[in-house]
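Visitor: Residue numbers (the working numbering): 1 to 370. Think of the CB as a built atom: it goes at the ideal place given N, C-alpha and C, for glycine as much as any other residue. Model, not experiment: these values are computed from the prediction. One structure coming up, written as structure tokens, with questions to follow.
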Ligand code: ACO
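So this is what it looks like as structure tokens:
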């Protein structure tokens with residue numbers, strides 16, 4: 001039987017993008033605490049910081065935002081392909097297909113190394129793709145992007161056709177910034193591996209989206225919602241969670257490879273959500289479930305240091321602003337596009353192909369046995 005390490009503890013690259021400090025529960029983007037950026041900066045400003053290494057001046061930010069607005073319109077070829085995809089397809093498969101389509105035809109977008117022009121265009125377009133297919137699946141006509149709204153507000157606008165409430169934009173922006181970048185997680189690593197072969201941007205992003213889709217990574221928030229719906233009320237929480245753990249099931253939204261203490265993103269979101277939803281019984285239930293689950297995990301999984309992770313409160317944010325659960329992972333993807341692409345630029349700037357080794361533990365032919 002092979003011992004499974006999941007590359008734990010292996011350093012795969014040096015990065016200037018983020019520090020994920022799992023012992024002390026800190027997350028830093030290029031010298032700034034992510035939780036401060038989440039409260040005080042826009043999505044576009046933080047993306048600029050990750051891509052270019054410093055916060056933009058007002059003049060640069062204005063020019064930068066104009067590039068995002070220009071990138072929001074769905075190309076006709078992609079629109080025709082989206083129309084062909086079944087409405088019941090899951091949104092992550094739609095995004096993977098859409099990025100693949102964007103990677104065909106236009107040489108400037110498939111060239112090595114990836115250009116920042118292409119990276120902005122892909123990132124700006126992702127919410128339009130989600131909103132287009134979401135509305136189509138509900139029999140609704142598409143809403144054209146709003147040129148006066150920022151990236152996050154425009155996403156909500158394209159989903160509903162209404163100018164979103166400022167409190168909803170604030171909380172979703174905070175979540176998007178906190179989820180934007182996170183070191184060498186599975187989806188980022190997958191993208192860097194593909195790009196390290198000098199493959200194109202779209203191929204690398206398709207790999208990242210494929211990794212993000214799994215329930216152990218970006219697929220967790222809708223499972224959190226499902227768990228909380230099943231629990232239903234505070235008095236049922238302990239029994240439900242005990243049953244899950246006693247039968248060997250994992251609690252979604254808990255545990256992390258790096259954080260062996262509270263995930264700072266979950267803490268920041270809990271605080272922001274407390275302001276928005278302090279009176280909401282569902283949010284009170286979520287806080288109660290977190291506390292009960294952490295206590296029980298210490299009993300059922302002693303020494304594993306299992307705490308709440310970002311996905312638990314991501315579910316709370318997205319539920320509070322009434323995003324449908326089947327858009328949770330795609331929304332996370334719309335934000336993580338920035339981190340992925342920042343890593344792809346970094347990979348291209350100092351590229352060497354990834355090529356780890358494996359240890360053969362199978363049979364040897366008789367001729368090779370000693
Ligand atoms: N519930 C119950 N037990 C858990 C959980 C959990 N959520 N997470 C880990 N454990 C247990 C494992 O069963 C294992 O127990 P064992 O030693 O008795 O076998 C031990 O803790 C270590 O688990 P690993 O799977 O080795 O931890 P790993 O670092 O590989 O996994 C992961 C990290 C995938 C996040 C895991 O904690 C998990 O499955 N969590 C639930 C899914 C989830 O919330 N994912 C979102 C993560 S955040 C993100 O991707 C953005």
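Could you tell me the boundaries of the alpha helix (DSSP H) in which residue 243 lies?
Guide: 234-246
Visitor: Taking 6 Å as the cut-off, is the C-beta of residue 226 nearer than that to any heavy atom in ligand 1?
Guide: no
Visitor: What is the residue span of the beta strand (DSSP E) that residue 18 lies within?
Guide: 18-21
Visitor: Beta-carbon separation of residue 181 and residue 29 under 7 Å?
Guide: yes
Visitor: Residue range of the alpha helix (DSSP H) that residue 225 falls in?
Guide: 220-231
Visitor: Please confirm whether residue 137 and residue 87 have their CB atoms less than 7 Å apart.
Guide: yes
Visitor: Report the residue from 130, 10, 362 whose alpha carbon sits nearest the alpha carbon of residue 323.
Guide: 130
Visitor: For the structure I just gave you, are there three or more beta carbon pairs, one from the segment 341-355 and one from the segment 192-199, closer than 8 Å?
Guide: yes
Visitor: Suppose contacts are defined by Cβ-Cβ distances below 7 Å. Is residue 120 in contact with residue 191 by that definition?
Guide: Cβ atoms of residue 120 and residue 191: not closer than 7 Å.
Visitor: With burial defined as no fewer than 16 other Cβ atoms inside 10 Å of the residue's Cβ, what is the status of residue 53: buried or exposed?
Guide: Within a 10 Å sphere around the beta-carbon of residue 53 sit fewer than 16 other beta-carbons, which makes this residue exposed.
Visitor: What residue range is occupied by the uninterrupted alpha helix (DSSP H) comprising residue 289?
Guide: According to the DSSP assignment, residue 289 belongs to the alpha helix (DSSP H) that extends over 281-300.
Visitor: Kindly identify the DSSP beta-bridge partner or partners of residue 152.
Guide: DSSP, once it has assigned bridges, lists no residue as partnering residue 152.
Visitor: Excluding the 5 residues preceding and the 5 following residue 27 in the sequence, name in chain order all residues of the same chain whose CB lies nearer than 8 Å to its CB.
Guide: 18, 19, 20, 21, 33, 34, 35, 178, 182, 264, 265
Visitor: Where does residue 4 sit, in a helix, a strand or coil, going by DSSP?
Guide: coil
Visitor: Pick helix, strand or coil for residue 134, following the three-state DSSP scheme.
Guide: helix
Visitor: If we ignore side chains and look at the alpha-carbon of each, how far apart do residue 25 and residue 256 end up?
Guide: 11 Å
Visitor: Rounded to a whole number of angstroms, what is the C-alpha to C-alpha distance between residue 207 and residue 187?
Guide: 7 Å
Visitor: Where do the N-terminal and C-terminal ends of the alpha helix (DSSP H) with residue 62 fall, by residue?
Guide: 58-70
Visitor: Any idea which residues DSSP pairs residue 308 with across the strands?
Guide: 254
Visitor: Note down, in chain order, each residue of its chain lying with its Cβ closer than 6 Å to the Cβ of residue 259, except the 5 sequence neighbours on either side.
Guide: Result list for residue 259: 22, in chain order.
Visitor: Measure from the alpha carbon of residue 203 to the alpha carbon of each residue in 303, 214, 117, 104, then state which is nearest.
Guide: 104
Visitor: What does the Cβ neighbour count give for residue 243, buried or exposed, with the cut at 16 atoms within 10 Å?
Guide: exposed
Visitor: Buried or exposed, going by whether 16 or more other CB atoms sit within 10 Å of the CB of residue 164?
Guide: buried
Visitor: Taking the alpha-carbon positions, what's the residue 111 to residue 302 distance?
Guide: 50 Å
Visitor: On the criterion of 16 or more Cβ atoms from any shown chain inside 10 Å, does residue 310 qualify as buried, or is it exposed?
Guide: buried
Visitor: Within the chosen definition, does the segment 327-339 reach the segment 286-297 through at least 3 CB pairs nearer than 8 Å?
Guide: no
Visitor: What do you reckon, is the C-beta of residue 410 under 6 Å from a heavy atom of ligand 1?
Guide: Outside the shown range of the chain (1 to 370) lies residue 410, about which nothing can therefore be said.
Visitor: Apart from the five residues on each side of it in sequence, which residues of its chain come closer than 7 Å, Cβ to Cβ, to residue 38?
Guide: Answer for residue 38: 174, 177, 178, 268, listed in chain order.
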